[in-house]
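Accompanying notes for the structure given below.
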Amino acid sequence: MITKLAGPQQVTAGELVSTGSIGLASGQVYRGIALARETLVPNINVALEHSSGVYARTWLTRVQLAGLAYPSDESTWQTLLDVGYLWQLQSHWTISAAHHWYHYSENTRGSDRDYREWSASLDYGAYLTLNYAYTNDLWGRDLRQDVTTLSGRWPFTQRLVGEAAVGWVSQHGQRGDSYSFLRLNAGCVIRDWSFQLQFHTTHNVDGYYRKSRIGNQWIAQMDWHW
Numbered sequence: 478m479i480t481k482l483a484g485p486q487q488v489t490a491g492e493l494v495s496t497g498s499i500g501l502a503s504g505q506v507y508r509g510i511a512l513a514r515e516t517l518v519p520n521i522n523v524a525l526e527h528s529s530g531v532y533a534r535t536w537l538t539r540v541q542l543a544g545l546a547y548p549s550d551e552s553t554w555q556t557l558l559d560v561g562y563l564w565q566l567q568s569h570w571t572i573s574a575a576h577h578w579y580h581y582s583e584n585t586r587g588s589d590r591d592y593r594e595w596s597a598s599l600d601y602g603a604y605l606t607l608n609y610a611y612t613n614d615l616w617g618r619d620l621r622q623d624v625t626t627l628s629g630r631w632p633f634t635q636r637l638v639g640e641a642a643v644g645w646v647s648q649h650g651q652r653g654d655s656y657s658f659l660r661l662n663a664g665c666v667i668r669d670w671s672f673q674l675q676f677h678t679t680h681n682v683d684g685y686y687r688k689s690r691i692g693n694q695w696i697a698q699m700d701w702h703w
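Each residue of the sequence shown is one higher than the one before, counting from 478 in our numbering.
Here it is in structure tokens:
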């Protein structure tokens, strides 16, 4: 997924910084739910941050939404656009708030699966993140979802990096799910390239997402960064 941008203290006053990556993965798991299985998935990330704290980023990828928003197994393009603001607190702590738009290139039977989400994050440097996200119209189906995620990152060496994240998802409605997920990442950075191996697992998925349960899933991903 998209890496959080650098804090404003790392950007010269009045400066606009652009970063991005393009890559390929052996699958796609988002918040413990399989959005693509047994297929190569392209990913494009672009991020902008101004020294004032305003930032924007976009993520383009290919997903399969059968059982979620579409009745078939055909894939579609997903675009995620974030616009937010980051406040620098004392020491290494930062707070950010963002608005997210999820857009899908194709809709079925005249129904719109696009939806919006709000989120807030508390970060300690690049090492620890506590994030809360909320939407009241998941997949355009008038379904509320609350997601809380705690993630930690640590460098083993200058080139080897690890990450772990645990999250809790609560949905409201007749087919709503309340479940937890775990993600473990191990990555290697070589110049402008990164290579990572991801492990995903979930617990207690038995409602809205029952057709997209992952069990235990491994994903390999390669990215080029600029």
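Built from N, CA and C at the ideal position, the CB exists for glycine as well.
In this text the structure is predicted, and so the values were computed from the model without any measurement.
Hey, how far is the Cα of residue i from the Cα of residue j?
i      : j      : result
Gly639 : His580 : 30 Å
Asp600 : Asn608 : 9 Å
His649 : Trp595 : 17 Å
Arg586 : Thr496 : Bear in mind that a pLDDT of 49 at Arg586, under 50, signals an unreliable position, so the number given afterwards is only what the model happens to contain. Cα-Cα distance, rounded: 38 Å.
Leu493 : His569 : 21 Å
Asp623 : Met699 : 30 Å
Thr535 : Ser582 : 15 Å
Ile667 : Gln567 : 33 Å
Gln694 : Thr679 : 10 Å
Leu525 : Val531 : 9 Å
Ser498 : Arg618 : 32 Å
Leu557 : Thr516 : 20 Å
Ile691 : Gly509 : 7 Å
Val710 : Asp614 : Outside the shown range of the chain, which is 478 to 703, sits residue 710, and nothing can be said about it.
Thr625 : Ala610 : 7 Å
For residue i, which of the options has the nearest alpha-carbon?
i      : options                        : result
Leu512 : Trp703, His677, Asp700         : His677
Ser573 : Gly561, Ser582, Gln567         : Gly561
Ala575 : Phe672, Ser598, Thr625, Tyr592 : Ser598
Thr553 : Trp564, Asp559, Val540         : Val540
Trp645 : Gln567, Tyr507, Leu563, Arg618 : Tyr507
Leu627 : Leu563, Phe658, Thr535         : Phe658
By Cβ distance below 6 Å, which residues in the same chain neighbour residue i in space, the five residues on each side in sequence not counted?
i      : result
Gln605 : Correcting the residue type first, residue 605 is Leu in the shown sequence and not Gln. The answer, listed in chain order, is Gly629.
Asn681 : Tyr656
Arg660 : Ala642, His677
Gly602 : His569
Ile696 : Ala502, Ser503, Gly504, Gln675
Trp631 : Gly639
Ile479 : Caution applies to Ile479, whose pLDDT of 36 falls short of 50 and renders its modelled position unreliable; the value that the coordinates give is listed next. Result list for Ile479: Asn522, Arg534, Trp536, in chain order.
Gly671 : According to the sequence as given, residue 671 is Ser; it is not Gly. So the list reads Gly664, Asp700, once near-sequence residues are dropped.
Leu542 : none
Ser647 : Asp623, Ser655
Gln635 : none
Beta-carbon within less than 8 Å of residue i's beta-carbon, same chain only, minus the 5 sequence neighbours each way: which residues are those?
i      : result
Asp669 : Trp701, His702, Trp703
Phe633 : Gly639
Thr458 : The displayed coordinates of the chain run from 478 to 703. Any statement about residue 458 would go beyond what the structure contains.
Report all residues from its chain with a CB closer than 7 Å to the CB of residue i; omit the five preceding and five following residues, and keep chain order.
i      : result
Leu637 : Cys665
Asp559 : Ala533, Arg534, Ala575, His577
Gly500 : Asn520, Gln698, Met699, Asp700, Trp701
Ala663 : Gly639, Gln673, Leu674
Is it true that the CB of residue j sits closer than 8 Å to the CB of residue i?
i      : j      : result
Thr538 : Gln565 : no
Indicate, with yes or no, if the ligand ATP has a heavy atom lying under 7 Å from the CB of residue i.
i      : result
Asp614 : This structure lacks the ligand ATP; in fact it carries no ligand of any kind.
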